[in-house]
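Here the sequence shown stands for residues 1 to 239, where the numbers follow full-length UniProt numbering. Idealized CB from N, CA, C, for every residue including glycine. Every value quoted in this text rests on a predicted model; they were computed, and no experiment measured them. Structure first, commentary second.
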Amino acid sequence: MAYFDDDIDFNVSAIVGQQARLPCKVINLDKKDVSWIRQRDLHILTVGIFTYTSDDRFKVFHPEGSDDWFLEINPVTFRDAGVYECQVSTSPKIFLPVTLTVEVQHASIHGPKEIFIKNGSTIRLFCVINTHSENVGVVSWYRDTTKLDYDSPRGGVSVEIEKTPERTTSKLFLTRALKGDSGNYTCAPKFALADSVLVHIVNGEESAAVHTASSANLECNRLLLSSSLLVALLVRVRR
């Protein structure tokens, strides 16, 4: 009599853009068929080693001679999240529900979203992707819509990658920054949402002016806030 091996994880997590593998292990299958059904619409995805959907992201992985019948979804999307049933064509049928949770990773560039770099200095941008998955894919850098070319005639462009079990860090360096290097810089991992910062290349005098203007704006905002609070307090007292 066929039965499921319960020594598996019935809750599977996957990252958008990567592969999801849902486990199902059937003991004493004999000549019965194993099927995978998507619970939300009762769509039959696979029967045996054959796929019964036009979506070629779905397939069964069954190592020869094993009791394993994995449902693979590659690449996985948010819409794939939900419950899938592994069914065996016994009489009556037996089934095993497996829940798929789909997550997304986020890239994050350290520092403020708008930065000012002195002309001739080095642009340093550090992009961190916190993840417990094995791979975030290739991390690309863009200035506006142009992908940065490390072998371009401009020169002075380099990237360092650091990986730990908890995160991947991509460090972008552009030496001898010029006015033409100003723009919107984007860190775009293959399997994570991108992040951007706006970079301005300024002369020394401009840098000081920007700093002064920023300080003035901050002080102005503080005064406006204080005035608003004072007015609100006076109105309340008069009432």
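Which same chain residues, not among the five before or five after serine 158, have their C-beta less than 6 Å away from its C-beta? Excluding residues within five positions, the ones whose Cβ falls inside 6 Å are Phe173.
Give a yes or no on whether the minimum CB-CB distance between tyrosine 84 and chain B is below 9 Å. The displayed structure is made up of one protein chain only, and chain B is not part of it.
Residues in its own chain within less than 8 Å of glutamine 39 by CB, not counting five upstream and five downstream? Gly82, Val83, Tyr84, Glu85, Pro97
Any chance the segment 18-26 sits against the segment 72-81, with 3 or more Cβ pairs inside 8 Å? Taking one beta carbon from each stretch, the segment 18-26 and the segment 72-81 have 3 or more pairs nearer than 8 Å; the two touch.
Are there 16 or more other CB atoms within 10 angstroms of the CB of lysine 59, so buried, or fewer, so exposed? Classification of lysine 59: buried, given that the 10 Å Cβ count is 16 or more.
Aspartate 181 - DSSP class collapsed to helix/strand/coil: Under the three-state reduction of DSSP, aspartate 181 is assigned to helix.
Please go through the same chain and pick out, in chain order, the residues whose beta-carbon is closer than 8 Å to the beta-carbon of histidine 106, but skip the five residues on each side of it. Ile129, Asn130, Ala192, Leu193, Asp195
When you compare the CB positions of valine 139 and isoleucine 115, do they come within less than 9 Å of one another, or not? no
Within the same chain, show all residues whose beta-carbon is closer than 6 Å to that of aspartate 55, passing over the 5 residues directly before and after it, in chain order. none
Could you pull the DSSP bridge partners for asparagine 130 from this structure? Arg167
Taking DSSP's pairing of strands, which residues face glutamine 19 in a bridge? Looking at the DSSP assignment, glutamine 19 forms no beta bridge with any residue, so it has no partner.
Measure the alpha-carbon distance for glutamate 72 versus lysine 163 and round it to whole angstroms. So the two alpha carbons sit approximately 27 Å from each other.
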